[in-house]
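Asker: Once you've had a glance at the structure underneath, I'll fire off some questions.
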Amino acid sequence: MNFNEFMEKLKSLNYENLYQDDFLLTWDKSQDELEAIFTVADTLRHLRENNISTKIFDSGLGISLFRDNSTRTRFSFTSACNLLGLEIQDLDEGKSQIAHGETVKETSNMISFMADIIGIRDDMYIGKGHTYMKNVSEYVQEGYKDGVLEQRPTIVNLQCDIDHPTQSMSDALHLINEFGGIENLKGKKIAMTWAYSPSYGKPLSVPQGIIGLMTRLGMDVVLAHPEGYEVMPEVEEVARKNAESSGGSFTKTNSMEEAFKDADIVYPKSWAPFAAMEKRTNLYGEGDLDGIKALEKELLAQNAQHKDWACTEEMMSLTKEGKALYLHCLPADITGVSCETGEVDATVFDRYRIPLYKEASYKPYIIAAMMFLQKVKNPEETLQKLMDQNKARLVR
Amino acid sequence: MNFNEFMEKLKSLNYENLYQDDFLLTWDKSQDELEAIFTVADTLRHLRENNISTKIFDSGLGISLFRDNSTRTRFSFTSACNLLGLEIQDLDEGKSQIAHGETVKETSNMISFMADIIGIRDDMYIGKGHTYMKNVSEYVQEGYKDGVLEQRPTIVNLQCDIDHPTQSMSDALHLINEFGGIENLKGKKIAMTWAYSPSYGKPLSVPQGIIGLMTRLGMDVVLAHPEGYEVMPEVEEVARKNAESSGGSFTKTNSMEEAFKDADIVYPKSWAPFAAMEKRTNLYGEGDLDGIKALEKELLAQNAQHKDWACTEEMMSLTKEGKALYLHCLPADITGVSCETGEVDATVFDRYRIPLYKEASYKPYIIAAMMFLQKVKNPEETLQKLMDQNKARLVR
Amino acid sequence: MNFNEFMEKLKSLNYENLYQDDFLLTWDKSQDELEAIFTVADTLRHLRENNISTKIFDSGLGISLFRDNSTRTRFSFTSACNLLGLEIQDLDEGKSQIAHGETVKETSNMISFMADIIGIRDDMYIGKGHTYMKNVSEYVQEGYKDGVLEQRPTIVNLQCDIDHPTQSMSDALHLINEFGGIENLKGKKIAMTWAYSPSYGKPLSVPQGIIGLMTRLGMDVVLAHPEGYEVMPEVEEVARKNAESSGGSFTKTNSMEEAFKDADIVYPKSWAPFAAMEKRTNLYGEGDLDGIKALEKELLAQNAQHKDWACTEEMMSLTKEGKALYLHCLPADITGVSCETGEVDATVFDRYRIPLYKEASYKPYIIAAMMFLQKVKNPEETLQKLMDQNKARLVR
Chain Z
59 MNFNEFMEKL KSLNYENLYQ DDFLLTWDKS QDELEAIFTV ADTLRHLREN NISTKIFDSG
119 LGISLFRDNS TRTRFSFTSA CNLLGLEIQD LDEGKSQIAH GETVKETSNM ISFMADIIGI
179 RDDMYIGKGH TYMKNVSEYV QEGYKDGVLE QRPTIVNLQC DIDHPTQSMS DALHLINEFG
239 GIENLKGKKI AMTWAYSPSY GKPLSVPQGI IGLMTRLGMD VVLAHPEGYE VMPEVEEVAR
299 KNAESSGGSF TKTNSMEEAF KDADIVYPKS WAPFAAMEKR TNLYGEGDLD GIKALEKELL
359 AQNAQHKDWA CTEEMMSLTK EGKALYLHCL PADITGVSCE TGEVDATVFD RYRIPLYKEA
419 SYKPYIIAAM MFLQKVKNPE ETLQKLMDQN KARLVR
Chain B
59 MNFNEFMEKL KSLNYENLYQ DDFLLTWDKS QDELEAIFTV ADTLRHLREN NISTKIFDSG
119 LGISLFRDNS TRTRFSFTSA CNLLGLEIQD LDEGKSQIAH GETVKETSNM ISFMADIIGI
179 RDDMYIGKGH TYMKNVSEYV QEGYKDGVLE QRPTIVNLQC DIDHPTQSMS DALHLINEFG
239 GIENLKGKKI AMTWAYSPSY GKPLSVPQGI IGLMTRLGMD VVLAHPEGYE VMPEVEEVAR
299 KNAESSGGSF TKTNSMEEAF KDADIVYPKS WAPFAAMEKR TNLYGEGDLD GIKALEKELL
359 AQNAQHKDWA CTEEMMSLTK EGKALYLHCL PADITGVSCE TGEVDATVFD RYRIPLYKEA
419 SYKPYIIAAM MFLQKVKNPE ETLQKLMDQN KARLVR
Chain W
59 MNFNEFMEKL KSLNYENLYQ DDFLLTWDKS QDELEAIFTV ADTLRHLREN NISTKIFDSG
119 LGISLFRDNS TRTRFSFTSA CNLLGLEIQD LDEGKSQIAH GETVKETSNM ISFMADIIGI
179 RDDMYIGKGH TYMKNVSEYV QEGYKDGVLE QRPTIVNLQC DIDHPTQSMS DALHLINEFG
239 GIENLKGKKI AMTWAYSPSY GKPLSVPQGI IGLMTRLGMD VVLAHPEGYE VMPEVEEVAR
299 KNAESSGGSF TKTNSMEEAF KDADIVYPKS WAPFAAMEKR TNLYGEGDLD GIKALEKELL
359 AQNAQHKDWA CTEEMMSLTK EGKALYLHCL PADITGVSCE TGEVDATVFD RYRIPLYKEA
419 SYKPYIIAAM MFLQKVKNPE ETLQKLMDQN KARLVR
């Protein structure tokens, strides 16, 4: 699509409620709102590829509040902020007084005097991350209302215990562009399957985000995992309802083969059982270190019973013409490369390296689009202004 | 006040000596200079609230040199730099070669090739912080004179052993705006009092900064603390002289009740005795870890004898109409919230939460105003230029 | 030189191959290319000194990938990025998933979606740093070619196991300006000599960089060190060939006196023997901690046999009229100041403090010039545009 087509698309959508709101869960948003984000992401990419600056901020801060290590998400968030003209400021809890018992309400306001965006990653404990984001959102809204803050910083969920919207939206935009349009995803079969990894405790937010979003797009979404690796029931419920509305389907199976059979897209990835993660959260809450160690041992043993859940060449041959598109949020556990036995065969991974990297390349634009639509009152007008002003990103 | 009134105010003031100078202690500065800072802080806030960019730098660095952890001050300094167009670069001594015995003179120059501002926080050791800042100032002045540096980075004291000017100036600007003008502060009674905290060794720079500044504004300043919690005598002397010139007063008492009686403003906050801090500095110098532990124990025991020094509802009822404005530099030790027994009752703190947050919100603007007046030769002209050019901070 | 003279100089040079290339080793580059970098460095400095903004990027990231601590290089790289309008993003391997076994290829792409420059410092292990940089370069080139990356981030070597081009180029630009032009360096004698330091394992890249570059400029380069402190033989070979082409000379000696005799420039500095560094690299590879400790002890003992290798006043008196220009990459080990016995007498160091600081001050500009010429297709046109547009760096 060219710039004018992007603008036409935007005009056809109803998305004004994104303005001044947060982005916490994809299922909080309407179909039009999601499509507006895809469209703005593509538009920003188009402008940047044509060396047109997309800076809409002339000063302002993007706060990153990460409670877990991350290269990719950190760089994506920084890139998105930089693309729009915001400077990153990390709230490193080690360095700050939060560790000294400061309340979340106070901190939320203290860091927000010049903050336009707060990006939060908090995915470690079931029942915590999403709640924390909602609290921060409420507190800065209050600070704005009370005249403490001159602007209301909006929150972007960079991964919580429930959803990982910047990942699933990037994955979806990748699919949209690979399959030549969002309408072409209707009826496509996507297998979101568990896969064996020698590490344990990987977050549930990726599979949950995928079943929660892809069911919106009219796809046939199959969730596959060994018994005992259930995801959060409320997210399955979301997926079920989405499928009903969209004309797609949501099914579950305990057979990886069944999921891969004739799939157009496969997303094999390890995660921890929901129940175990809940247990771990409680053990941490009680400070029960012995319990945590025991649980870890137990989970690794449980994982090891399912080493056959791997994206092998054989498994790939079951997919549609043996050529399903392989997705992963990266980094993957590659058999014989990053570990002895892992999620995927090295030959499979290698064959999909370029599309995998492209999949990842959408994330900065998805985050930037979320921020853009949350902060800009007249997005079409502003994008047109950027286009017309045609300021070189690099004077070369 | 509107923009033109701010400009009128500035024109009436004599403040050109701020240019190219540092901001280390409020009592180094004239009354007009302080008022210029308040005025520029309000002007920058006014412009930002009206979505007018206040970027005066098109590249340049603000160096943060923190020898102590800090969320608030770090974010305030970053915000101030960002507001004017400077990028922050942290000099993290852990990461740098300073730890390897590099001299201060060399480092001061090595970090300053593109540095417009150096913000320093060094409040831990009596007799060290202020001296360190003066050294850095001298060394970069020398580097500038010798043609090593193309610009002379100016220093902003973000808290030293003697003064905490960005805090006291923010507190003062809060009072100015709460009481409807600097002239309305004359004759107001402010109680800067010690309060019990279960932690120990809190810096003296806040009470010292407050008595050193509020006595300039014609206020009746009462410093109250238990016996043995004296602040630096030279700062008391400053306060005494200030009060004489300004027509205010400076008194001391060992009774919190006496200080709170009919006060318009109260600032109850824990600090460590000056003499103990001096002793600690020496013990650190000697590397006497056992001595430090013993001192810590002794100080905590001493503190615990004064748990009745707390900003309770009963104490608040002694103040002017029971409605004194409660100030704190945050975070406060709140009884029953952040600790068992602390500086302030939860109900008192809660009642003043919004004004407390507003008090804090002035700090980025105070820092920005100090920087602005230290770096810009023609402040009125430059502010007018920003106003006239009316560049959107956010193209929305 | 004035701006027009810089432009004339640039026009006379053939340097278009720098565009889109990396800067890894000075001896990869032609004489014209090096001169173009010197000229652009001086031009950028000239513009900044005249308060003219040199921002050519309106958003974009400079990634710093440091595998060793560094104040100077970190600040120089940040300054250079900031000068051109790039925001710094550190890839801190501690914080990132690289530590978890992520491959270099993947990471190189994942951090590069908005990256214009990647500055790498990796100087610890012989045979590793340069190879790592070449790998990163290859991987991002591949990512660019495959459509994963919209721009090809170019690499700047901020110090590797073989060369330290940003240091040697800064040293050379300092010499050019001190001696009044690059042509005046012909026939000048420079002594790159080992000197005693109480620490061990200092990188070889500085002496190697110096002999690899100064031999290009028609200088008489003498490399002096005690027996057993040889540098990499392949770099000596480079120096020998360079000297042949340039009409200079490259000689070796085991006598510091001989090197200093009638020298115009001296560069006395500690380094570790090449063979020992190779051994250390292998020990690290094998995880042989006891072996590393034993080697360290052995190296310190070996160093201690050569305490007479010091830049004393007596030694300086041997140089041309006793007034050779003293160079050092800083920080130096100063006898009686930073250590008991070190590389240089305090009186010598003090006498050269200002030129030493000036020497260091070129580094941000050298790095910026490398980046400029790697990213800008029409450098002369772009510099002229910056000059004509005359945008104030600081609106003062």
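Keeping their order, the protein sequence lines are chains Z, B and W. This note's numbering applies: residue 59 is where the first sequence begins, and numbers increase by one. This note's numbering applies: residue 59 is where the second sequence begins, and numbers increase by one. This note's numbering applies: residue 59 is where the third sequence begins, and numbers increase by one. Using N, Cα and C, we set each Cβ at its ideal position, and we do this for glycine too.
1. May I have the straight-line CA-CA distance separating residue 401(B) from residue 367(B), to the nearest angstrom?
2. When the Cα atoms are used, what is the spatial distance from residue 92(Z) to residue 60(W)?
3. Using a 10 Å radius around the Cβ and a threshold of 16 neighbouring Cβ atoms, would you call residue 351(W) buried or exposed?
4. Measuring CB atoms only, is the region 383–398 of chain B touching the region 249–267 of chain B, in the sense that at least three cross pairs come out at less than 8 Å?
5. So what does DSSP say about residue 140(Z), is it helix, strand or coil?
6. Tell me, please, whether the region 92–112 of chain B touches the region 185–205 of chain B by the rule of three or more beta-carbon pairs shorter than 8 Å.
7. Of the residues that make up the region 201–212 of chain W, which ones have a beta carbon closer than 9 Å to any beta carbon in chain Z?
8. What residues in the region 97–120 of chain Z bring their beta carbon closer than 8 Å to a beta carbon of chain B?
9. Under 8 Å, Cβ to Cβ, is there at least one residue of chain Z near residue 406(B)?
10. Ends of the alpha helix (DSSP H) at residue 90(Z)?
11. According to the Cβ coordinates, are residue 135(Z) and residue 177(Z) closer than 8 Å?
12. May I ask you to report which of helix, strand or coil DSSP gives residue 394(Z)?
13. Output needed in chain order: residues of the region 159–174 of chain Z with a Cβ under 7 Å from some Cβ in chain B.
14. Give the residues of chain B in contact with residue 436(Z), contact being defined as C-beta atoms less than 8 Å apart.
15. Is there a Cβ of chain W sitting closer than 8 Å to that of residue 69(B), yes or no?
16. Starting from residue 442(Z) and walking both ways along the beta strand (DSSP E), at which residues does that stretch end?
17. Nearest to residue 139(Z) by CA position, among 426(Z), 448(Z), 312(Z) and 446(Z), is which residue?
18. What number of angstroms, rounded off, separates the C-alpha of residue 101(B) from the C-alpha of residue 74(B)?
19. Three or more beta-carbon pairs under 8 Å between the region 165–180 of chain W and the region 212–225 of chain W, yes or no?
20. Classify residue 157(B) as buried or exposed, calling it buried when 16 or more other Cβ atoms lie within 10 Å of its own Cβ.
21. With a cut-off of 8 Å, does the C-beta of residue 355(B) fall near any C-beta of chain W?
22. In terms of DSSP beta bridges, what is residue 369(Z) paired with?
23. Just the Cα atoms here: how many angstroms apart are residue 95(W) and residue 379(W)?
24. Please name the residue, chosen from 440(B), 299(B) and 386(B), that lies closest to residue 454(W) on a Cα-to-Cα basis.
25. I'd like to know if the region 291–299 of chain Z and the region 263–271 of chain Z are in contact, where contact means that at least 3 CB-CB pairs between them fall below 8 Å.
26. Can you tell me where the beta strand (DSSP E) with residue 179(Z) in it begins and where it stops?
27. With C-beta atoms as the reference, is residue 180(Z) less than 8 Å away from residue 125(Z)?
28. Between which two residues does the beta strand (DSSP E) harbouring residue 325(W) extend?
29. So, does the CB of residue 449(Z) fall closer than 8 Å to a CB anywhere in chain B?
30. What does residue 145(B) touch in chain Z if you count any residue whose Cβ is under 9 Å from its own?
31. DSSP beta-bridge partners for residue 145(B)?
32. With C-beta atoms as the reference, is residue 246(B) less than 8 Å away from residue 322(B)?
33. Label residue 260(B) either buried or exposed according to how many other C-beta atoms from any shown protein chain fall within 10 Å of its C-beta, with 16 as the threshold for buried.
34. For residue 231(W), does the count of other Cβ atoms within 10 angstroms reach 16, so buried, or fall short, so exposed?
35. Whose Cβ in chain C lies nearer than 8 Å to the Cβ of residue 136(W)?
36. Just mark residue 347(Z) as buried or exposed, buried being the case when its beta carbon has 16 or more other beta carbons within 10 Å.
Answerer: Straight from the coordinates:
1. 7 Å
2. 55 Å
3. exposed
4. yes
5. helix
6. no
7. If the cut-off is 9 Å between Cβ atoms, the region 201–212 of chain W has 201, 204, 205, 206, 207, 208 and 209 near chain Z.
8. 114, 115, 116, 117, 118 and 119
9. Taking Cβ atoms only, chain Z never reaches closer than 8 Å to residue 406(B), which makes this a no.
10. 89–107
11. In this structure, residue 177(Z) lies closer than 8 Å to residue 135(Z) by Cβ.
12. coil
13. 159, 160, 164, 165, 167, 168, 169, 171 and 172
14. Chain-order list of chain B residues neighbouring residue 436(Z): 454, by C-beta distance under 8 Å.
15. no
16. Note, residue 442(Z): premise wrong, no beta strand (DSSP E); alpha helix (DSSP H) at 437–447.
17. 426(Z)
18. Whole-angstrom Cα-Cα distance: 18 Å.
19. yes
20. The pLDDT assigned to residue 157(B) is 42, lower than 50, so where the model puts this residue is not dependable; a value taken from the coordinates is nonetheless given after this. The residue is exposed, with fewer than 16 neighbouring Cβ atoms inside 10 Å.
21. No, residue 355(B) lies away from the interface with chain W (no Cβ there is under 8 Å from its Cβ).
22. 402(Z)
23. 32 Å
24. 440(B)
25. Contact between the region 291–299 of chain Z and the region 263–271 of chain Z is established, with three or more Cβ pairs separated by less than 8 Å.
26. 173–180
27. yes
28. Counting along the chain, residue 325(W) sits inside the beta strand (DSSP E) bounded by residues 323–327.
29. no
30. Within chain Z, the residues whose beta carbon sits less than 9 Å from that of residue 145(B) are 145, listed in sequence order.
31. DSSP output for residue 145(B) lists 119(B) as bridge partner(s).
32. yes
33. For residue 260(B), the number of other beta carbons within 10 angstroms of its own is at least 16, and it is reported as buried.
34. buried
35. In the displayed structure, chain C is absent; the protein chains listed are Z, B and W.
36. exposed
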